[in-house]
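Reading through the structure tokens given below for one structure.
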Amino acid sequence: MRLRRNQHGRGPRAARALNPLVELTLARVREFGREPEAIFWVFVFPVLLALALGIAFRDQPPEKLRIGVDDRLAEAEGIVAILSRSESLKPLLLAPGPILQGLRTGDLVLGIGPAEEDLPRGESIPAGARDREEASPPHAYSFLYDAGRPEGRLGRLIVEEALQRGWGRQDAVRIREKKITQAGWRYIDFLIPGLIGLNLMASGMWGIGFNVVDARTKKLLKLLTATPMRRSHFLLGFMLSRLVFLILEVAALVGFGWLVFGVKVHGSLPALAAVLLLGAVTFAGLGVLVAARPRTIEAVSGWMNFVMLPMWLFSGSFFATSRFPDALQPFIKLLPLTALNDALRAVMNEGLPLYACWSEVGVLLAWGLLSFAVALKIFRWQ
Amino acid sequence: MRLGVRDQDGLPPPSMGEAVALRCRSLLKRYGEVTAVDGLDLEVVRGECFGLLGPNGAGKTTTVEILEGILPPDRGVAEVLGCRWGTGGDRALRQRLGIQLQEARFSEKLTVRETVRLFRSFYRSGRDVETVIRMVGLEEKATARVGRLSGGQKQRLALSCSLVGNPEVLFLDEPTTGLDPQARFRVWEIIEELKRTGVTALMTTHYMEEAARLCDRVAIMDRGRIIALGRPAELVDSLGAEQVIEFRVSGDLDPGLLAGLPGVRGVSGRDGEISLAVLRVAETLPSLMTEIESLGLELHRLATHQATLEDVFLRLTGRSLREG
Chain A
9 MRLRRNQHGR GPRAARALNP LVELTLARVR EFGREPEAIF WVFVFPVLLA LALGIAFRDQ
69 PPEKLRIGVD DRLAEAEGIV AILSRSESLK PLLLAPGPIL QGLRTGDLVL GIGPAEEDLP
129 RGESIPAGAR DREEASPPHA YSFLYDAGRP EGRLGRLIVE EALQRGWGRQ DAVRIREKKI
189 TQAGWRYIDF LIPGLIGLNL MASGMWGIGF NVVDARTKKL LKLLTATPMR RSHFLLGFML
249 SRLVFLILEV AALVGFGWLV FGVKVHGSLP ALAAVLLLGA VTFAGLGVLV AARPRTIEAV
309 SGWMNFVMLP MWLFSGSFFA TSRFPDALQP FIKLLPLTAL NDALRAVMNE GLPLYACWSE
369 VGVLLAWGLL SFAVALKIFR WQ
Chain B
130 MRLGVRDQDG LPPPSMGEAV ALRCRSLLKR YGEVTAVDGL DLEVVRGECF GLLGPNGAGK
190 TTTVEILEGI LPPDRGVAEV LGCRWGTGGD RALRQRLGIQ LQEARFSEKL TVRETVRLFR
250 SFYRSGRDVE TVIRMVGLEE KATARVGRLS GGQKQRLALS CSLVGNPEVL FLDEPTTGLD
310 PQARFRVWEI IEELKRTGVT ALMTTHYMEE AARLCDRVAI MDRGRIIALG RPAELVDSLG
370 AEQVIEFRVS GDLDPGLLAG LPGVRGVSGR DGEISLAVLR VAETLPSLMT EIESLGLELH
430 RLATHQATLE DVFLRLTGRS LREG
């Protein structure tokens with residue numbers, strides 16, 4: 009390359025040496041930056057999604073279990089007073105009918121009624137309580153709950169504990185609680201890396217796939233190949249432009265998470281940058297691969313969705329992949345987005361170094377290199 | 130405008146040894162059953178503006194794209210500046226060519242200047258971006274997005290992108306197709322200006338007027354073959370006629386009846402549209418009118434014009450250029 013001369017194109021000798029790779033990258037950046045819809049879907053939409061999900065699943069104090077107390081009980085008021093002391097219970101004084109109704113609809117987790125009453129179902133009078141019934145003051149109740157619901161079983165335990173204590177049982181063991189709700193463990197902390205991963209995938213694949221096919225339908229690809237342009241420069245330009253937007257995309261999401269929800273990056277920034285870079289390049293490679301052959305925007309859109317849908321579903325952007333059946337796990341682990349999400353969470357949330365996610369890095373590298381190599385082989389320039 | 134200056138540093142002047150810029154021998158290209166180019170031979174000399182004239186589907190674009198190294202021929206040889214495609218020097222050869230494709234469209238989001246800059250960056254040496262923009266008269270649109278340009282302006286942008294590398298050979302595939310007369314005229318002026326720089330140009334067109342005006346030599350193509358070759362004036366002269374009478378009559382008229390009329394050098398016609406190549410309209414017209422009248426036919430349309438390449442094509446193929 010010739011030395012750059014700072015002349016501004018006056019006269020025929022002012023030709024500056026322009027670098028084709030720089031110009032191709034700039035062209036891609038400009039094209040993308042001048043597409044208002046693209047800006048919205050890549051930068052605004054993920055932030056709005058993070059905001060909506062972050063608020064919907066924000067950490068509230070655990071919801072209180074609603075307990076129905078039969079108002080025919082002589083000690084009903086006392087029971088309500090005792091249960092109210094527990095921070096996890098919300099006792100309600102109700103008639104038997106509404107209690108049954110509440111249990112059916114799931115509004116109540118447990119009903120407390122007189123011990124002798126004939127119960128329609130879910131009868132449960134603890135054996136121990138029945139024993140004491142005869143010996144001690146007549147604090148005898150029946151519990152009405154659905155043992156199939158975890159809340160029912162939980163409510164039963166807490167209510168019994170509260171009643172036993174309330175009516176004077178002495179504790180044999182003293183327990184001090186230390187509750188953990190710190191940054192890094194919340195849903196939003198889980199969500200932000202997932203959204204970054206998702207965004208890298210979607211914007212990388214769309215940004216490249218759409219533009220490549222657009223250039224092909226316009227016969228611009230054909231014209232470019234008729235110039236001395238290196239074909240590899242053309243594709244590299246797309247990759248490099250992706251890196252420019254990568255910085256902006258990640259800054260938007262991480263900055264938003266930090267400002268609004270206090271999401272922190274626990275790992276090292278270089279490690280995070282490395283994972284992001286790898287993710288962006290991998291999905292750029294996949295984008296080029298998907299766009300390698302289609303002649304129309306419709307065709308490439310179909311392929312894009314075909315490739316991305318499994319990753320939207322299975323790659324754990326919104327919830328942990330462990331919820332899927334074991335049989336699916338090997339397949340899920342091999343998806344590039346799963347690898348990217350896992351690596352991002354390892355670095356951002358757990359503060360792990362890069363080498364701790366070697367398998368994810370390997371999966372990403374394999375996908376990126378393979379798809380790019382295949383894409384170059386089968387690419388349709390005309 | 131300063132077009133004649135090769136503005137790069139230290140590049141030797143184009144070698145004068147090789148007189149032939151483009152050469153095709155027995156070129157053949159098939160698309161399935163269709164033979165697009167059928168054993169074509171062609172030579173374009175350095176410095177000339179050569180036109181491939183013919184209707185749509187005549188094989189003009191295929192021929193040009195083979196020479197541009199975009200399409201491989203099925204058979205035959207295509208040489209550009211003494212080089213053959215696919216022999217290792219393709220990219221070096223592309224440095225010396227300027228190419229404008231028929232239907233290529235540029236990114237609508239980029240400005241004129243950005244687009245020219247991008248193309249400039251592919252060439253080691255060449256014209257300055259601003260110079261090229263000035264050459265095609267898009268100075269005022271330099272910062273406009275391509276999407277906002279008119280058809281003629283887009284075509285001039287395409288022209289400017291083919292010029293940035295200061296090419297030795299310029300390929301222009303239908304540079305004015307689809308343009309209104311004014312925009313076409315503007316492109317012609319630019320191409321005429323370019324011819325003065327001594328660039329070799331191969332252009333295709335289906336406008337005989339364009340070929341006659343711009344080209345030093347013309348090859349008339351039909352169905353993948355060259356059916357006439359020569360200077361536009363020579364080709365017109367080959368009709369042996371100066372002027373043409375075109376008319377339409379009601380009913381059937383055997384064109385053969387007209388061959389004997391005074392001054393008639395050629396008769397062609399189809400579907401009641403008849404074209405007479407004549408030496409002088411004034412000599413032939415009265416007897417033509419008498420003939421039509423005596424046959425009891427009614428004259429629906431009559432026009433006369435100076436003989437053109439269009440008439441040459443009509444004479445050679447029996448079809449008009451526009452019919453394709």
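Chain order of the listed sequences is A and B.
Take the first sequence: its position 111, counting from 1, is numbered 119 in the working numbering, and each next residue is one higher.
Take the second sequence: its position 309, counting from 1, is numbered 438 in the working numbering, and each next residue is one higher.
Every residue, glycine too, gets a C-beta built ideally from N, C-alpha and C.
With a threshold of 16 other CB atoms inside 10 Å of the CB of residue i, please say whether the residue is buried or exposed.
| i | result |
| --- | --- |
| B/GLY218 | exposed |
| B/GLU177 | buried |
| A/GLU142 | Any reading at A/GLU142 must be qualified, since the residue scores a pLDDT of 46, below 50, and its modelled position is unreliable; no value is offered. |
| B/THR305 | buried |
| A/ALA383 | buried |
| B/MET418 | exposed |
| A/ASN207 | buried |
| B/LEU368 | buried |
| A/ASP222 | buried |
With a Cβ-Cβ cutoff of 8 angstroms, do residue i and residue j count as a contact?
| i | j | result |
| --- | --- | --- |
| B/ASP170 | B/ARG159 | no |
| B/ILE195 | B/ALA187 | no |
| A/GLY245 | A/ARG36 | yes |
| A/PRO54 | B/PHE251 | no |
| B/ASP167 | B/ARG352 | yes |
| B/LEU286 | B/ILE320 | no |
| A/GLY324 | A/ASN349 | yes |
| A/VAL298 | A/VAL315 | yes |
| B/LEU288 | B/VAL245 | no |
| B/GLN231 | B/GLU303 | yes |
| B/ILE228 | A/THR225 | no |
| B/PRO296 | B/VAL347 | no |
| B/ILE374 | B/VAL410 | yes |
State yes or no: is the C-beta of residue i nearer than 7 angstroms to some heavy atom of the ligand ZN?
| i | result |
| --- | --- |
| B/LEU364 | The ligand content of the structure shown is nil, which means the ligand ZN is not present either. |
Against chain B, does residue i count as a neighbour if the rule is that its beta carbon must be under 8 angstroms from one of theirs?
| i | result |
| --- | --- |
| A/GLU257 | no |
| A/ARG250 | no |
| A/THR304 | no |
| A/ALA279 | no |
| A/ARG239 | no |
| A/GLU159 | no |
| A/LEU26 | yes |
| A/GLN337 | no |
| A/ARG42 | yes |
| A/ALA300 | no |
| A/THR329 | no |
Taking Cβ positions only, does residue i come closer than 8 angstroms to chain A?
| i | result |
| --- | --- |
| B/LEU239 | yes |
| B/GLN284 | no |
| B/LEU156 | no |
| B/ILE319 | no |
| B/PRO142 | The predicted model places B/PRO142 with a pLDDT of 44, which falls under 50 and marks its position as unreliable; any figure quoted below should be read in that light. Chain A contact via Cβ: absent. |
| B/SER397 | no |
| B/GLU439 | no |
| B/ILE356 | no |
| B/LEU230 | yes |
May I ask which residues mark the beginning and end of the alpha helix (DSSP H) holding residue i?
| i | result |
| --- | --- |
| B/ILE199 | Premise fails: B/ILE199 is in no alpha helix (DSSP H) and is neither H nor E. |
| B/HIS429 | First-last for B/HIS429: 428-435, but that is the beta strand (DSSP E), not the alpha helix (DSSP H). |
| A/ILE75 | No alpha helix (DSSP H) holds A/ILE75; the beta strand (DSSP E) holding it covers 73-78. |
| A/ALA113 | Ala is not the amino acid found at residue 113 of chain A; the sequence shown has Thr there. Residues 104-113. |
| A/ILE340 | 337-342 |
| A/ILE166 | 158-174 |
List the endpoints of the continuous beta strand (DSSP E) containing residue i.
| i | result |
| --- | --- |
| B/SER155 | 149-160 |
| B/GLU242 | Here residue 242 of chain B turns out to be Arg, not Glu, going by the sequence shown. Segment 241-250 is the alpha helix (DSSP H) holding B/ARG242; no beta strand (DSSP E) there. |
| B/GLN457 | Since the first residue shown for chain B is 130 and the last is 453, residue 457 of chain B is missing from the structure and cannot be characterised. |
| B/ASP351 | 346-351 |
| B/CYS178 | 178-182 |
| B/PHE300 | 298-302 |
| B/ARG204 | 204-209 |
Strictly by DSSP, which residues pair up with residue i?
| i | result |
| --- | --- |
| A/THR233 | Paired residue(s): none; A/THR233 is not in a bridge. |
| A/GLY205 | According to DSSP, A/GLY205 bridges with nothing at all. |
| B/GLN372 | B/VAL407, B/GLN435 |
| A/TYR149 | A/PRO122 |
| B/LYS189 | Beta-bridge pairing links B/LYS189 to no other residue. |
| B/ASP167 | B/LEU157 |
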